[in-house]
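Numbering (my numbering), first residue to last: 2 to 146.
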């Protein structure tokens, strides 16, 4: 079985370096010009945003579902063409159980859907907006390199 740099990815483990988006040691800082105010109706991300917290929370859940290298690679592959599990295994060089585990996360987050075709399930993206998020994120990183 072929392995790539993604093969060692284990979605259940914590990275060795702290993720700045999930650190728990942050404190709210107040700057004289821009005090941080928290409201149950608005997100602390942007106090001027009128979206309900439920929308911001759902967006955060979606981004967390996309926040693994293997899942990003899966979304990019599905953006190119609908694929079944064995095609994703071949394209990404990742073990089948790991691909299946990541597909379950993406499916439960509403990112992908599976459609049975005989003995195989063909996966596709639910929405092209999701592909744009991933493509733009990858392009942004590549531009900074």
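Quick reminder that beta carbons are idealized off the backbone N, C-alpha and C, glycines included.
A distance of 8 Å or more separates the beta carbons of residue 136 and residue 126.
Residue 101 is positioned such that its CB atom lies closer than 8 Å to that of residue 86. Annotation: the continuous beta strand (DSSP E) that includes residue 126 extends over 121 to 126. The DSSP-derived three-state label of residue 112 is coil.
Here residue 130 carries a helix assignment [DSSP, helix/strand/coil]. Looking at the DSSP output, residue 81 bridges to nothing. Residue 117 carries a strand assignment under DSSP once its states are collapsed to helix, strand and coil. A residue is called buried once 16 or more other Cβ atoms fall within 10 Å of its Cβ, and residue 103 is buried on that count. Within the same chain, Cβ atoms closer than 6 Å to the Cβ of residue 123 are found at 83, 85 and 116, the five residues on either side in sequence being excluded.
Counting C-beta atoms within 10 angstroms of its own C-beta, residue 74 has 16 or more neighbours from the protein chains shown and is therefore classed as buried. Here the alpha carbon of residue 81 sits roughly 12 Å from the alpha carbon of residue 92. Taking residue 98 as the centre and dropping the five residues before and after it, the same chain places no C-beta closer than 6 Å to its C-beta. When only Cα atoms are considered, residue 119 and residue 63 end up about 30 Å apart. In this structure, the beta-carbon distance from residue 67 to residue 78 does not fall below 8 Å. Residue 95 places its beta carbon less than 8 Å from that of residue 71.
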